[in-house]
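Data first, discussion second: the structure below is written as structure tokens.
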């Protein structure tokens with residue numbers, strides 16, 4: 004119940020918190036914008052640091068408990084933010100509120116990530132809870148256009164970025180592909196369920212074992228959001244860990260879709276990127292035509 | 004100079020040998036078809052077992068030595084077969100024959116794998132060496148349509164296979180994507196430079212660390228060839244190792260593009276798949292419409 008606080012003027016805001024630092028950054032930004040945050044932690048996923056704010060803990064599947072807590076506080080808007088391992092339906096601990104909705108829930112778990120999230124969002128909104136994007140509540144967390152730090156992509160990097168963007172776009176109708184690594188016209192790695200950090204570790208591994216041979220830094224990480232991806236539900240994100248991974252993979256830099264990727268701790272990212280001689284930059288959507 | 008041998012009736016055939024068992028399987032098939040094979044081993048890549056046949060060793064970049072050896076034996080046709088780590092241009096040990104062609108070579112190394120291979124093929128063919136496909140010389144090594152072993156894909160598996168095939172097709176114009184793992188409508192992994200074995204190991208890792216949670220076997224490995232991929236130069240391949248990897252990843256089975264994927268030791272694959280309760284099956288090209 005402590006933490007920095009401004010006069011709460013806007014309506015209260017629930018934040019359904021996954022792992023990582025984002026939920027707290029969103030809570031801070033919301034509070035600065037005059038909206039009192041109420042954090043919902045998921046047992047086993049969310050960091051206990053959320054307890055610095057008003058909060059409740061739920062287990063995955065405790066749908067009824069979630070809605071009761073929001074109703075008790077007259078909360079009508081919710082942000083969903085932070086990494087969450089996709090559970091299997093069989094692993095959910097369904098409470099009565101969930102059991103009432105179970106038939107619909109079980110079907111959703113046959114879908115891709117986008118499909119699952121869209122279905123869960125529909126269930127939540129049917130309860131009168133409007134889901135808003137972290138980018139609406141905390142627009143300062145979005146990637147801007149242009150370099151974050153001192154370095155900028157070279158013309159060759161721009162060509163690789165454009166290739167990566169076009170490829171991710173081609174993948175997006177398959178509900179896959181938020182990231183890729185491209186070097187000198189070659190696609191080295193494509194991200195699916197493993198996530199960006201694991202993909203970067205893979206590239207680092209291929210450099211180390213000689214499967215990829217480049218003299219010096221090579222390749223660009225490209226992060227975009229899937230076409231048709233509901234950014235309120237699942238927005239790609241990067242942070243200092245991404246820079247660490249890119250440096251280990253001996254990349255030349257990282258490029259993210261401006262306005263469509265969240266950035267954790269941008270100042271530190273820029274500093275770390277400079278130290279590692281990498282660029283980090285937001286690209287405008289039009290880059291795919293390049 | 005030993006090994007089984009039939010009366011050599013057709014023209015001699017050079018086999019440029021990468022790693023693995025394929026070069027020897029192609030040599031055996033060629034000899035059974037009455038063509039005397041001449042194996043070209045690449046130092047550091049090819050297994051010394053090729054020495055059972057007439058052979059020469061070259062280092063990567065010894066282009067002149069390769070052409071001289073073929074010319075001395077009046078060989079006008081060559082198969083290129085087996086895994087080969089893509090070298091960097093700077094790592095090549097260029098002999099005089101290569102230096103004469105170096106400007107063209109250096110440019111090729113800016114391309115994707117397909118582009119690089121197509122360019123190398125053009126250089127070879129300019130010397131009067133025709134490149135033929137392993138599938139032309141040894142058609143029995145190609146994946147047939149239908150199950151290899153006792154198990155066949157379920158209707159749900161067929162749906163996942165069709166999704167994988169469509170996605171790989173969408174990727175192929177980017178000179179990427181020979182394989183993917185799809186489970187219940189979700190794309191779990193997409194293969195790029197790491198290769199199929201590493202992709203399967205990744206899925207196994209995600210099962211082990213809980214990032215992927217399924218009760219029991221889930222998912223299908225889909226292997227296809229890239230659209231526009233010159234199958235004479237780079238044909239996707241599977242073998243007993245693929246089954247081992249698929250079993251570790253707790254997949255339900257593997258599906259390969261019939262007529263467009265090479266199969267090492269099909270009998271053993273079928274046996275291993277049966278033992279691991281997996282299916283392995285060739286799909287007809289029309290499956291992408293499914």
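Chains as they are written, first to last, in the working numbering: chain A, 4 to 293; chain B, 4 to 293.
Just so you know, even glycine gets a beta-carbon here, dropped at the ideal spot from N, CA and C.
Residue pairing from DSSP places residue 60/B in a beta bridge opposite 44/B. Between the C-alpha atoms of residue 272/A and residue 109/A there is a straight-line separation of about 40 angstroms.
Contact annotation for residue 73/A against chain B: no contact, minimum CB-CB distance about 27 angstroms [criterion: below 8 angstroms]. The C-beta separation of residue 204/B from residue 256/B comes to about 17 angstroms, leaving the pair out of contact by the 8 angstroms criterion. Against chain A, the CB of residue 250/B has no partner CB under 8 angstroms away; the residue lies outside that interface.
If you look at residue 80/A, you'll find it in the beta strand (DSSP E) that goes 80 to 84.
DSSP, read as helix, strand or coil, puts residue 55/B in helix. Not flagged as an interface residue toward chain B: residue 153/A, since no C-beta distance is shorter than 8 angstroms.
For residue 132/A, there is no enclosing alpha helix (DSSP H), as DSSP marks it with neither H nor E. Comparing C-alpha distances from residue 138/A to each of 195/A, 239/A, 41/A shows the shortest one belongs to 239/A. Bounds of any beta strand (DSSP E) do not take in residue 196/B, whose DSSP letter is neither H nor E. Annotation: residue 282/B has no Cβ neighbours in chain A at a cutoff of 8 angstroms; minimum Cβ distance is about 21 angstroms. Note that the C-beta distance between residue 226/A and residue 259/A is below 8 angstroms. Counting every other CB atom within 10 Å of its CB across the protein chains shown gives residue 190/A a total of 16 or more, marking it as buried.
For residue 226/A, DSSP records a beta bridge to 182/A, 259/A. Partner residues in the beta bridge of residue 150/B, as assigned by DSSP, are 284/B.
Note that the segment 71 to 87 of chain B touches the segment 16 to 33 of chain B; at least 3 beta-carbon pairs, one per stretch, sit closer than 8 angstroms.
With contacts defined as CB atoms closer than 8 angstroms, residue 234/A and residue 136/A qualify as a contacting pair.
Judged by beta-carbon spacing, residue 172/B lies beyond the 8 angstroms limit of residue 186/B, meaning their Cβ atoms are not closer than that value.
Going by C-alpha positions, residue 232/A is about 14 angstroms away from residue 125/A. For residue 165/A, the enclosing alpha helix (DSSP H) has its first and last residue at 158 to 174.
Distances from the CA of residue 35/A to each of 143/A, 90/A, 123/A, 111/A were compared; the closest alpha carbon is that of 143/A.
By the criterion of a C-beta distance shorter than 8 angstroms, residue 219/A is surrounded in its chain by 253, once the five residues flanking it on both sides are discounted. Checking the DSSP bridge columns, you'll see residue 266/A partnered with 241/A. For residue 120/A, the closest Cβ of chain B is not nearer than 8 angstroms.
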